[in-house]
Amino acid sequence: MVAEVTMLARKARSAVIACAVGASIAMTGAGSAAAAGNPAVTEPVMSPTPVLAYYYLWFTHHSWNRAKIDYPLIGKYSSGEASVMRRQIEEAKAAGIDGFIVSWKDTARNDQRLRLLMSVAGHERFKLAMIYQGLDFYRKPLPVAEVAAGFQTFCDRYASNPVFFRLGGKPLTIWSGTWAFPRAAVAKVTGAVRRKILVLSTEKSLAGFQRLARVTDGDAYYWSSVNPATDPGYTAKLRALSEAIHHDRKYWIAPFAPGFDARLVGGIHVVPRDGGQTLRSEYSAAVRSSPDVLGLISWNEFSENSYVEPSDRYGYQALGVLRQLRGTSVPAPSGPAAPSDTGGRVAGGAAAATPGWPSVLRASVFALALIAVAGGIGIVRRRKAR
Numbered sequence: 001m002v003a004e005v006t007m008l009a010r011k012a013r014s015a016v017i018a019c020a021v022g023a024s025i026a027m028t029g030a031g032s033a034a035a036a037g038n039p040a041v042t043e044p045v046m047s048p049t050p051v052l053a054y055y056y057l058w059f060t061h062h063s064w065n066r067a068k069i070d071y072p073l074i075g076k077y078s079s080g081e082a083s084v085m086r087r088q089i090e091e092a093k094a095a096g097i098d099g100f101i102v103s104w105k106d107t108a109r110n111d112q113r114l115r116l117l118m119s120v121a122g123h124e125r126f127k128l129a130m131i132y133q134g135l136d137f138y139r140k141p142l143p144v145a146e147v148a149a150g151f152q153t154f155c156d157r158y159a160s161n162p163v164f165f166r167l168g169g170k171p172l173t174i175w176s177g178t179w180a181f182p183r184a185a186v187a188k189v190t191g192a193v194r195r196k197i198l199v200l201s202t203e204k205s206l207a208g209f210q211r212l213a214r215v216t217d218g219d220a221y222y223w224s225s226v227n228p229a230t231d232p233g234y235t236a237k238l239r240a241l242s243e244a245i246h247h248d249r250k251y252w253i254a255p256f257a258p259g260f261d262a263r264l265v266g267g268i269h270v271v272p273r274d275g276g277q278t279l280r281s282e283y284s285a286a287v288r289s290s291p292d293v294l295g296l297i298s299w300n301e302f303s304e305n306s307y308v309e310p311s312d313r314y315g316y317q318a319l320g321v322l323r324q325l326r327g328t329s330v331p332a333p334s335g336p337a338a339p340s341d342t343g344g345r346v347a348g349g350a351a352a353a354t355p356g357w358p359s360v361l362r363a364s365v366f367a368l369a370l371i372a373v374a375g376g377i378g379i380v381r382r383r384k385a386r
């Protein structure tokens, strides 16, 4: 009976999450283009391409005291808690995310947390991939022997688990920071494991990929700081990378992000979220580069403010937009976004248009969410009473 009540409680919570994401779509998603001064434009192009979100499992309760301007709705968590992982996966699935690309290095803490995440993800039928952090805290390359040992450990201990996402029958892994290593060093590391796993580079240019094309299995470009409103050439860059990688019959992971602000960790660029319009534009550009996987940057990178995890500041905004994108047509790029992160003003200083959702409809959506919450709680209480 206890197990049945627990299962019903989890189903009720999942329904609440879906309602929260849906309410976010109704209240913010439909109005984001209007707030940016651009009409909502879509094309009848659907994308079955899987979405994997970059995920960081190194948080402790003290991590939130450094370089943070926003915090998760679930509180300042530790990444070592199964309940936190389960809720994150439920929220991600409700928004159309298929898996996490887990940041990992071979340490006792990381190994324990990876095993826990594998267990939770397996139970939730959620996929994982691994990105090895080849640079240290100061962005310097780790010793090649340490990187090689890490990939070998992952290959031997974890890769065979069915929870890991596969392309061409092999588990997907990524080597972050390949640009900082000589080609010979990369070849030494990948040559020992590529029979069993895929190893993608993280090169930032066509020349970078071509340098490592023969010793890696493709490229995953971690481009979180691009601004679609001011960098019109980035779409062509993604397409050029895709064409070269696919010409070599290798795998391409296209990046997209909701926004960016790394000033508290030494960065200088700020990419406003613009009420979700930045996420829409970057998703559209990523899809049009014909990727094998869409790489969402990120689930919970709170230091660089590229997260989509529900937060105090943005709520479920990003997940609401993403769920809409994954369930409807791919939007066409709509041009420069408003210079405000909140979409309060549009170009030329005119006040942004109010989204065209009547107040009564917004109230109805909120009411439906409350009904779902109450219904789920009622089911659990009646079961417990029996």
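Position one of the sequence shown corresponds to residue 1 (our numbering), numbered consecutively onward. Each residue gets a CB set at the ideal place from its N, CA and C atoms; glycine is no exception.
Residue interval of the beta strand (DSSP E) (run including residue i)
i: Gly295; result: 293-296
i: Tyr55; result: 51-56
i: Leu73; result: Per DSSP, Leu73 belongs to no beta strand (DSSP E) and is neither H nor E.
Contact check, residue i vs residue j, beta carbons under 8 Å
i: Ser79; j: Phe59; result: yes
i: Phe256; j: Val270; result: no
i: Leu294; j: Leu322; result: no
i: Gln317; j: Gly276; result: yes
i: Asn305; j: Ile69; result: yes
i: Lys127; j: Val186; result: no
i: Ser119; j: Tyr54; result: no
i: Ala129; j: Val189; result: no
i: Ala285; j: Leu241; result: no
i: Val151; j: Tyr138; result: For the sequence presented, residue 151 should be read as Phe rather than Val. Against a cut-off of 8 Å, the Cβ pair of Tyr138 and Phe151 comes out as no contact.
i: Gly177; j: Pro141; result: yes
i: Trp223; j: Ser201; result: no
i: Lys250; j: Gly208; result: no
i: Arg183; j: Leu212; result: yes
i: Ala229; j: Ile197; result: no
i: Gly134; j: Phe181; result: yes
i: Ala145; j: Leu319; result: no
i: Tyr71; j: Ser311; result: yes
i: Ile245; j: Ala220; result: no
i: Asp391; j: Thr153; result: Within the shown structure, residues of the chain are numbered from 1 to 386, placing residue 391 beyond reach of any answer.
i: Arg113; j: Leu52; result: no
Start-to-end residues for the alpha helix (DSSP H) that takes in residue i
i: Arg233; result: One detail in the question is off: residue 233 reads as Gly in this sequence, not Arg. Per DSSP, Gly233 belongs to no alpha helix (DSSP H) and is neither H nor E.
i: Lys93; result: 82-94
i: Ala149; result: 144-157
i: Gly122; result: 108-123
i: Gly327; result: 317-327
Helix, strand or coil at residue i according to DSSP, with G and I counted as helix
i: Arg139; result: coil
i: Ile245; result: helix
i: Lys237; result: helix
i: Val271; result: strand
i: Gly99; result: strand
For residue i: DSSP bridge partner residues
i: Gly259; result: Paired residues: none, contrary to the question.
i: Pro171; result: Arg166
i: Tyr283; result: For Tyr283, which the question treats as bridged, DSSP gives no partner whatsoever.
i: Tyr132; result: Trp104, Trp175
i: Ala254; result: Leu294
i: Lys68; result: Bridge partners of Lys68: none, in fact.
i: Ser311; result: Pro72, Gly315
- Message: Please give the ranges of any beta strand (DSSP E) in the segment 177-222, keeping only runs that are unbroken, at least 3 residues long and fully inside the region.
- Response: 198-200, 218-220
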